[in-house]
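Reviewing the structure listed below.
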Amino acid sequence: MNTKVIRIDEQHMDTALIEEAGSIIKAGGLVAFPTETVYGLGGDALNPQSSEKIYSAKGRPSDNPLIVHIADMEKLNAIVREVPENAWKLAERFWPGPLTMIFYKSELVPRETTGGLDTVAVRMPVHPVARALIRAAGGYVAAPSANRSGRPSPTVAKYVIEDMDGRIEMVIDGGDVEIGLESTIIDLTSEKPTILRPGYITEQKLAQVLGEVAQDRTMMCADSGQAPKAPGMKYRHYAPKGELTIVDGEEGCVVEYINTQIGQKKKDNKKTGVIGTDTSITQYQADVCRSVGNRNDEAEIARELYRVLREMDDENVEIIYAESFGTVGLGQAIMNRLLKAAGHRVVHI
Ligand code: TXA
Ligand code: MG
Numbered sequence: 001m002n003t004k005v006i007r008i009d010e011q012h013m014d015t016a017l018i019e020e021a022g023s024i025i026k027a028g029g030l031v032a033f034p035t036e037t038v039y040g041l042g043g044d045a046l047n048p049q050s051s052e053k054i055y056s057a058k059g060r061p062s063d064n065p066l067i068v069h070i071a072d073m074e075k076l077n078a079i080v081r082e083v084p085e086n087a088w089k090l091a092e093r094f095w096p097g098p099l100t101m102i103f104y105k106s107e108l109v110p111r112e113t114t115g116g117l118d119t120v121a122v123r124m125p126v127h128p129v130a131r132a133l134i135r136a137a138g139g140y141v142a143a144p145s146a147n148r149s150g151r152p153s154p155t156v157a158k159y160v161i162e163d164m165d166g167r168i169e170m171v172i173d174g175g176d177v178e179i180g181l182e183s184t185i186i187d188l189t190s191e192k193p194t195i196l197r198p199g200y201i202t203e204q205k206l207a208q209v210l211g212e213v214a215q216d217r218t219m220m221c222a223d224s225g226q227a228p229k230a231p232g233m234k235y236r237h238y239a240p241k242g243e244l245t246i247v248d249g250e251e252g253c254v255v256e257y258i259n260t261q262i263g264q265k266k267k268d269n270k271k272t273g274v275i276g277t278d279t280s281i282t283q284y285q286a287d288v289c290r291s292v293g294n295r296n297d298e299a300e301i302a303r304e305l306y307r308v309l310r311e312m313d314d315e316n317v318e319i320i321y322a323e324s325f326g327t328v329g330l331g332q333a334i335m336n337r338l339l340k341a342a343g344h345r346v347v348h349i
């Protein structure tokens, strides 16, 4: 398949191009597009064949449900059994934006889209290109992150093309995304609202609206034998090709430990890499050293993390060490993704 790549600037949107992209989705094809979190791989959420195509383009197991993206609140009713009070409150505060809510699904949503589940994940993105595309595509766009399964989610179109060229009809290049980590997922079908995946909308912000919120127990720890409630969280995710280890401790000690390890790996002829921060990065002796930004600027770290993981792959780095980050606020989402990328390999010094 020949993948058409088009560029759409969110400030000056070309309606003819948006219509063309929407028609592809309506006809059962797939279009990758920018959202504020990461790039999505969009298909018609109400067409079971489209969902099957998404799974096969991603190389993703089909028991891993997709998020249905809407652009208008009026579209919600038709795809869910009911809209609980908490959903109205959250929507008022956080939609459009990087929050996904889980509802009981209506008959309209095929089980192919929900990975066989009786529930459906719904998100209303804020990115203008995403919103225009969803409307042009009929209102319901199923979209996982636009990476091949197991790779870091793409935050720039270059990496969408790398993973999806020849596998989908179109890629919309809308430039760099703003947030860089996938949306927060909250389950509203459980007894207590429960966070299944941390993201830009933090636990603290959700608690301001809902009072108490619970967290899925598997969110921050290595597989405890308990199945995560978001099926996608059980797979080894966001993984770079190299072996990644997180090193946690006081900065000077971390630098010293990592440099010692790197010395040994270099003797074994391994290509080494370090993921550090602006103040530490020049102190490392790895072959490839990349900063995710200022340690105190979590928004910057979130935005840079997947790009840096991808760059490690671009450089064919075999052994990667990463600094550790705090787990408060947005830090929780950052560490959740980094821990998964590392397969929970952490050294405390
Ligand atoms: O920011 C985002 O959410 C991005 C952009 C493109 O919108 N999308 C995204 O989709 O991250 P994906 O497919 O990569 O991740 C969806 C996650 C998976 O972990 C999946 O298991 C979970 O959502 N999920 C979807 N439907 C669910 C459901 N009904 N119950 C529990 N978890 C669900
Ligand atoms: Mg994903």
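Be aware that the sequence shown starts at 1, since it is given in my numbering, and climbs by one per residue. Yeah, the Cβ is synthetic: ideal placement off N, Cα and C, and Gly gets one too.
- Take Met73, set aside five residues on each side of it, and the residues of its chain with a beta-carbon closer than 8 Å to its own are Ala91, Trp95 and Met124, in chain order.
- The region 53-60 makes no contact with the region 189-200: fewer than 3 CB pairs, one atom from each, lie closer than 8 Å.
- Relative to the Cα of Gly59, the nearest Cα in the group Ile262, Leu41 and His69 belongs to Leu41.
- Under the DSSP assignment, Glu243 falls in the beta strand (DSSP E) whose first and last residues are Glu243 to Asp248.
- DSSP places Asp9 in the strand class (E or B) of the three-state scheme.
- Between ligand 2 and the CB of Ser106, the shortest heavy atom gap is not smaller than 7 Å.
- Using a cutoff of 7 Å, the CB of Ser153 counts as near ligand 2, since one of the ligand's heavy atoms is closer than that.
- Beta-bridge annotation (DSSP): Arg310 is not paired with any residue.
- Within the chosen limit of 7 Å, ligand 1 does not reach the beta carbon of Pro128 with any heavy atom.
- With a threshold of 7 Å, the Cβ atom of Gly150 does not count as near ligand 1, since no heavy atom of the ligand is closer than that.
- Excluding five sequence positions before and after Gly150, the CB atoms of its chain that fall closer than 6 Å to its own CB belong to Ala239, given in chain order.
- With respect to the C-alpha of Ile246, the residue from Ile334, Ala342, Ser106 and Gly43 having the closest C-alpha is Ala342.
- Distance from the CA atom of Glu36 to the CA atom of His12, rounded to whole angstroms, is 17 Å.
- Here the alpha carbon of Ile79 sits roughly 10 Å from the alpha carbon of Ile70.
- Around the beta carbon of Arg217, fewer than 16 other beta carbons sit within 10 angstroms, so the residue counts as exposed.
- Relative to ligand 1, even the nearest heavy atom lies 7 Å or more away from the CB of Lys53.
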